[in-house]
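Per full-length UniProt numbering, the sequence shown runs over residues 1 to 170.
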Amino acid sequence: MAGLRVRAAEMPRDLPVVQELCWEYRDYLLNFSTEMNHLVEAFYPYDAYAALMADLPTRHARPQGIILLADLEGVAVGCGMYHPLTPSDAEIKRVFVRETARGTGAGFHLSRALIEQARADGYKRIFLDTNKDFVAARKLYEKLGFSNRGPYSELPPGTAALMAFYEITL
Numbered sequence: 001m002a003g004l005r006v007r008a009a010e011m012p013r014d015l016p017v018v019q020e021l022c023w024e025y026r027d028y029l030l031n032f033s034t035e036m037n038h039l040v041e042a043f044y045p046y047d048a049y050a051a052l053m054a055d056l057p058t059r060h061a062r063p064q065g066i067i068l069l070a071d072l073e074g075v076a077v078g079c080g081m082y083h084p085l086t087p088s089d090a091e092i093k094r095v096f097v098r099e100t101a102r103g104t105g106a107g108f109h110l111s112r113a114l115i116e117q118a119r120a121d122g123y124k125r126i127f128l129d130t131n132k133d134f135v136a137a138r139k140l141y142e143k144l145g146f147s148n149r150g151p152y153s154e155l156p157p158g159t160a161a162l163m164a165f166y167e168i169t170l
């Protein structure tokens, strides 16, 4: 789409907008469904999420990780990021596009840019998880070449059945 640009977030300048998008993501999850509310409380309790937001620049620091922003007409409308799981494996986290920008291709372009950057950074595989009910996200990941798999890390009790897990070999 014309006017859509994916770029690396510049820290500390872009930290407030990245945090704002991540808090919107958490709010979106909380309001999605009762099941999702359970997942958010298991994975992202408020205090832990606040600490995570403060640690984003470190957790996703270059050269092992990255935070990307999608700008539409110069306004940040989405984000996505990855961090290392092992020296050869990365995990994509918090791919989120504001409702006003859904359908613009922002999610596709963010996800594709994350894959391309992880490949350039020398990763051999990427893992990610999403809610099993996020049909559009699941279709997007499959379109990008991700395959279904089982859980790749330890999870809070009672959450795995609500999730879909993916990986792609680069």
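All residues carry an ideal CB built from backbone N, CA and C; glycine is no exception.
From the DSSP output, in three-state form, read off residue i for me.
i: Met11; result: coil
i: Ser88; result: coil
i: Thr104; result: coil
i: Asp121; result: coil
i: Thr58; result: helix
i: Arg138; result: helix
i: Ala164; result: strand
i: Ala76; result: strand
Hey, would you say residue i sits closer than 8 Å to residue j, going by beta carbons?
i: Arg7; j: Leu68; result: yes
i: Ile66; j: Tyr82; result: yes
i: Phe165; j: Pro151; result: yes
i: Ala76; j: Leu4; result: no
With distances taken Cα to Cα, identify the nearest neighbour of residue i among the options.
i: Leu128; options: Asp89, Gly122 and Pro12; result: Asp89
i: Thr159; options: Lys132, Gly145, Arg138 and Lys139; result: Lys132
i: Thr130; options: Leu140, Gly122 and Asp55; result: Leu140
Beta-carbon within less than 7 Å of residue i's beta-carbon, same chain only, minus the 5 sequence neighbours each way: which residues are those?
i: Pro84; result: Gln64, Gly65 and Ala90
Per the DSSP calculation, residue i is bridged to which residue(s)?
i: His109; result: Answer is none; His109 lacks a bridge partner.
i: Arg149; result: Phe165
Going along the chain, which residues of its own chain have a beta-carbon closer than 6 Å to the beta-carbon of residue i, five neighbours each way excluded?
i: Val93; result: Here residue 93 turns out to be Lys, not Val, going by the sequence shown. Once the five neighbours on either side are set aside, the close Cβ partners of Lys93 are Met81.
Skipping 5 residues on each side, what residues in its chain have a beta carbon closer than 8 Å to that of residue i?
i: Leu110; result: Val6, Leu68, Ala70, Gly78, Cys79, Gly80, Val95 and Val97
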